[in-house]
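Student:
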Amino acid sequence: MKEFTVKQLFHISKGKKVEQVVSDNINKVRLIQIEDLRNNDNIKYCVGSNNYVYATEDDVIIAWDGANAGTIGYNLKGAVGSTLAVLKRKREDFLVTYVAKFLQSKSQFLRDNCTGATIPHISRSVLEDIVIPIPSIEVQSEIVKVLNKAQFLIDKRKEQLLAMSELTQSVFLEMFGDPYLNNKGWEVQSLGEVANIVMGQSPPGDSYNLKNNGLPLLNGPAEFTNKYPLEKQWTTSPKKTSEKGDILFCVRGATAGRMNFSDKTYAIGRGLAAIKVKNENDLHFVFLILKFMYNHFQNTSNGSTFINIDKKTLENIPIFKVSDSLKERYFNIIEGIEKQKTLIEHSLDNLEANYGSLINSVFRKELFTA
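Take 0 as the starting number for the sequence shown in numbering that gives the first Met the number 0 and just add one per residue.
1) Starting from Gly77, trace the beta strand (DSSP E) in both directions and tell me its first and last residue.
2) Please determine, among Val143, Ile118, Gln107, Ala194, the residue with the shortest C-alpha to C-alpha distance to Lys277.
3) State the DSSP-derived secondary structure class of Ala149, mapped to helix, strand or coil.
4) Within its chain, find whatever has a CB closer than 7 Å to the CB of Leu166; leave out the 5 residues flanking it on each side and keep chain order.
5) For the candidate residues Ser261, Lys320, His283, Asn307, whose alpha-carbon lies nearest to that of Phe330?
6) What is the residue span of the alpha helix (DSSP H) that Gln7 lies within?
7) Less than 9 Å between the beta carbons of Ile308 and Glu127, yes or no?
8) Could you check how far apart the C-beta atoms of Lys100 and Ile358 are, in whole angstroms? I think they sit under 8 Å.
9) Could you tell me whether the Cβ atoms of Ile318 and Leu172 are closer together than 9 Å?
10) Where does Asn259 land, buried or exposed, given buried means 16+ other C-beta within 10 angstroms?
11) Helix, strand or coil for Pro220, going by three-state DSSP, please let me know.
12) Taking only three categories from DSSP, how would you classify Asp64?
13) Does the Cβ-Cβ distance between Gly69 and Ser106 come in under 9 Å?
14) Within the chosen definition, does the region 263–277 reach the region 82–97 through at least 3 CB pairs nearer than 8 Å?
15) Looking at Ser261: is its Cβ nearer than 9 Å to the Cβ of Asp281?
16) Mapping DSSP to helix, strand and coil, what is Gln32?
17) Report the three-state DSSP secondary structure of Ala255 (helix, strand or coil).
18) Between Glu2 and Pro215, which are expected to be in contact by the criterion C-beta below 8 Å, what is the C-beta distance as a whole number of angstroms?
19) Using alpha carbons as the reference points, say which of Lys87, Gln7, Met174, Cys45 lies closest to Val321.
20) Compute the Euclidean distance between the alpha carbons of Glu18 and Ile31, then round it to the nearest angstrom.
21) Closest by CA to Gly412, which one among Val59, Asn67, Trp63, Arg110?
22) Find the nearest neighbour of Glu243 within the set Tyr227, Met292, Val250, judged by alpha-carbon distance.
23) Straight-line CA distance for Ile372 to Asp35?
24) Applying the 10 Å Cβ sphere with the 16-neighbour rule, what's the burial state of Asn192?
25) How many Å lie between Tyr51 and Lys183 at the Cα?
26) Please name the residue in Gly14, Glu344, Lys89 whose C-alpha comes closest to that of Ala162.
27) Compute the minimum distance between the beta carbon of Asn195 and the heavy atoms of the ligand GDP, and state whether it is under 8 Å.
28) In angstroms with no decimal places, state the Cα-to-Cα distance between Phe9 and Ser206.
29) With a threshold of 16 other CB atoms inside 10 Å of the CB of Asn218, please say whether the residue is buried or exposed.
30) Any idea if Gln103 is buried or exposed, counting beta-carbon neighbours within 10 angstroms, 16 or more meaning buried?
31) Check the C-beta distance from Ile153 over to Leu350 and give it rounded, since I have them as a contact under 8 Å.
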């Protein structure tokens with residue numbers, strides 16, 4: 000079996016700052032950002048320019064900067080944002096999908112070997128030195144086929160979760176209306192009135208560690224799960240913290256608006272805010288309001304391309320004044336849906352764990368040989 004380094008297979012071009020435009024612009028081209036490496040749920044556009052770096056469906060794209068550094072995408076066409084890089088092939092004797100899936104198996108390795116104390120950056124030398132086994136085209140195709148079948152099951156579970164989320168959203172909209180438009184005319188109060196908001200602050204770089212010393216440190220969605228975050232690094236000099244019961248809210252970048260709940264005390268970096276709802280009975284309703292406004296957060300910010308939601312913006316978010324009895328009625332209606340979602344989420348976790356084992360087995364040549 001032949002082996003090649005990434006440097007032997009690809010030219011690497013770092014993306015550039017791209018100005019986003021509204022989707023109905025006649026000269027639009029797709030703007031590819033980190034979230035697009037996972038799905039096509041929130042497509043953005045820009046006006047084409049010779050100054051931009053472009054990807055085609057035959058390229059591999061990697062998240063170069065930030066908490067998601069090392070995330071791999073492919074089969075995308077458009078202008079590439081400044082936090083991404085494009086890998087363009089130098090030769091034709093391999094399947095891009097095969098190599099992209101191999102690099103996906105190295106995402107954590109790339110993340111673990113990033114440079115930068117507060118904002119991770121991919122190490123070009125580490126990436127370029129990765130050795131990729133290149134079997135025959137037939138074997139590459141077979142590997143891709145097996146992995147695609149496993150991915151199909153994962154995608155089906157995600158579709159089920161999405162359908163259930165849309166059902167709960169439909170019930171919410173029927174009862175309360177759109178949180179941003181307030182088309183049912185509710186009396187509102189600001190988020191700043193119902194919650195205290197703590198904006199994260201990065202600890203000193205030399206306080207970071209992987210040895211469980213100090214408080215677990217959260218910098219953004221890289222540590223998020225479906226509900227509670229995972230501990231991946233720690234700091235001995237926390238500047239800002241969240242407490243149990245707080246809403247963890249992403250304020251920066253392509254994942255602005257994503258949320259988790261804080262299940263204990265965490266140090267929070269500048270990519271997060273802790274929303275401390277004053278009345279415990281309001282917690283889940285406030286979470287729902289914020290969740291339904293995700294697309295609004297993605298398209299409204301202080302930054303022209305890099306989203307940066309400040310404290311004032313958060314404090315001014317309108318929250319409906321709704322009786323406790325009506326909120327209780329809503330949660331009673333969706334209780335059964337949420338139980339089904341939990342079962343599907345557990346199934347999805349198992350499928351994703353199995354996929355991780357499968358992809359590692361494949362590329363250790365346990366299932367295939369040249």
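Idealized CB from N, CA, C, for every residue including glycine. All figures in this text were calculated on a predicted structure; none of them were measured in a lab.
Tutor: Answer, in terms of the structure:
1) 77–79
2) Ala194
3) helix
4) Ile336
5) His283
6) 5–8
7) no
8) 7 Å
9) no
10) buried
11) helix
12) strand
13) yes
14) no
15) no
16) coil
17) coil
18) Not quite, the Cβ-Cβ distance comes to about 38 Å (not below 8 Å), so this is no contact.
19) Met174
20) 11 Å
21) Shown here, the chain extends from 0 to 369; a query on residue 412 therefore has no answer.
22) For the sequence presented, residue 243 should be read as Lys rather than Glu. Nearest of Tyr227, Met292, Val250 to Lys243, Cα basis: Tyr227.
23) The requested residue 372 is not part of the displayed model; the chain covers only 0 to 369.
24) First, the residue type needs correcting, since residue 192 is Glu and not Asn in the sequence shown. Classification of Glu192: exposed, given that the 10 Å Cβ count is below 16.
25) 44 Å
26) Glu344
27) Ligands in the displayed structure: none, and consequently the ligand GDP is not present.
28) 36 Å
29) buried
30) buried
31) 5 Å
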